[in-house]
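Student: Just so you know, the protein sequences line up as chains A and B, in that order.
For the first sequence, our numbering begins at 1 and goes up steadily by one.
For the second sequence, our numbering begins at 1001 and goes up steadily by one.
Here it is, the structure in full.
Number of protein chains: 2
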Amino acid sequence: MCDPVRVTVKGVCVTETGDGVLAPVVIMEDDGHRLIPLFVGLAEAISIHQALSGDISPRPTTHDLFISTLERFNAKVTSVLIDDLDGGVYFARLEVSVDSDHREIDARPSDCMALALRSGAPIHIKEEVMSEACVDKEDLGDLKEIGDYI
Amino acid sequence: MCDPVRVTVKGVCVTETGDGVLAPVVIMEDDGHRLIPLFVGLAEAISIHQALSGDISPRPTTHDLFISTLERFNAKVTSVLIDDLDGGVYFARLEVSVDSDHREIDARPSDCMALALRSGAPIHIKEEVMSEACVDKEDLGDLKEIGDYI
């Protein structure tokens, strides 16, 4: 079994699905320039986009509130691991720590990304998942910036 | 200054706004049958509806993850206070506690309701806000069940 690979979130885009519906998709990339597109809900897409662009919402988003609540108890998101892909659904583990006390919680990758980006926490993907899900740039299709839609 | 009043969340509905757009609205009621409609985002509306109806999402929603993270650190949401209304925007305080250590965090009422309903925590509104924002039942307009739309 290989070590998990670290990825960066390259951007949040909108793509047209087969049935003509516009869907938000997050693009992640590892050091070897392998790309993973991950379809997410609109609210999570907007939250990830805000975290990437440094936009500050006039009122705290759910993920902002999550982070500020953790901070009030000296807790923080310390890492994220996308560890499974089953039937088209990705699974992830959110690691939250208070000093040396680390806890892992079952979570959706979209929440994990929105929280990790706000915390500066690293995002890793299991190599098996990366190998299975990575695509070539040409296969990403016609991506549009989500900023043009929100 | 009067004590804050306790409210219950009666339901999550969809109503047509003046410009013909459908908007999710949460209806709260106090013991005196005064009603407050509160417009919320779609993601928060769905989350509040799930909490009210006891629906369990196949994967944890953001609010589910929030609660399970708090639980892993023996923390819980212990109360919510909607304490201001300014320019049509409601403000709230989320109280999170670990044993006798209580912290209040600035939050949107929609997040507070989604979290309080999952925790069995009471929701209060400042009397001044209640007096200003409460409406008669007839003024709620034509409300439809959000369950018919999601």
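Don't be surprised by glycine CBs; every beta carbon is placed ideally from N, CA and C.
In three-state terms, what does DSSP make of Ala51/A?
Tutor: Three-state DSSP puts Ala51/A in a helix.
Student: Could you list which residues in chain B have their beta carbon closer than 8 Å to that of Val98/A, in chain order?
Tutor: The answer, in chain order, is Phe1073.
Student: Exposed or buried, which one is Leu1001/B when buried takes at least 16 other CB atoms within 10 Å?
Tutor: Note that residue 1001/B is Met in the sequence shown here, rather than Leu. Classification for Met1001/B: exposed.
Student: Using 10 angstroms around the beta-carbon of Pro24/A, count the other beta-carbons present and answer buried if the total reaches 16, otherwise exposed.
Tutor: Buried, by the Cβ-count rule.
Student: Cα separation between Ser1100/B and Lys1076/B?
Tutor: Using only the alpha carbons, I get a separation of about 11 Å.
Student: Touching or not, the segment 66–81 of chain A and the segment 93–111 of chain A, by the rule of three or more beta carbon pairs under 8 Å?
Tutor: Touching, yes.
Student: Helix, strand or coil: which one does DSSP assign to Ser97/A?
Tutor: If DSSP states are grouped into helix, strand and coil, Ser97/A belongs with the strands.
Student: Nearest CA to the CA of Ile123/A: which residue from Leu22/A, Asp30/A, Val14/A?
Tutor: When only C-alpha atoms are compared, the closest one is Asp30/A.
Student: Restricting to Cα atoms, I'd like to know which of Val7/A, Cys134/A, Glu16/A, Ala45/A is closest to Ala114/A.
Tutor: Taking only the C-alpha atoms, the option nearest Ala114/A is Ala45/A.
Student: List the residues of chain B whose Cβ lies closer than 7 Å to the Cβ of Ser68/A, in chain order.
Tutor: Chain B residues near Ser68/A: Ile1105.
Student: Below 7 Å on C-beta distance, what does His1102/B contact in chain A?
Tutor: Those within 7 Å of His1102/B in chain A number zero; the least Cβ separation is about 10 Å.
Student: How would you label His63/A, buried or exposed, when you count the other beta carbons within 10 angstroms and need 16 or more for buried?
Tutor: So His63/A ends up on the buried side.
Student: Compare the beta carbon distance of His1049/B and Val1012/B with 9 Å and say whether it is the shorter of the two.
Tutor: Yes, these two residues count as a Cβ contact at 9 Å.
Student: Do you know offhand how far Leu1070/B's Cα is from Arg1118/B's?
Tutor: About 12 Å.
Student: Between Leu1143/B and chain A, is there a C-beta pair that is closer than 9 Å?
Tutor: Judged by the 9 Å Cβ criterion, Leu1143/B is not in contact with chain A.
Student: Measuring straight from C-alpha to C-alpha, what distance separates Glu104/A and Asp1139/B?
Tutor: Cα to Cα, the separation comes out at about 47 Å.
Student: Please classify Thr61/A as buried or exposed, where buried requires at least 16 other C-beta atoms within 10 Å of its C-beta.
Tutor: With 16 or more Cβ atoms within 10 Å of its Cβ, Thr61/A is classed as buried.
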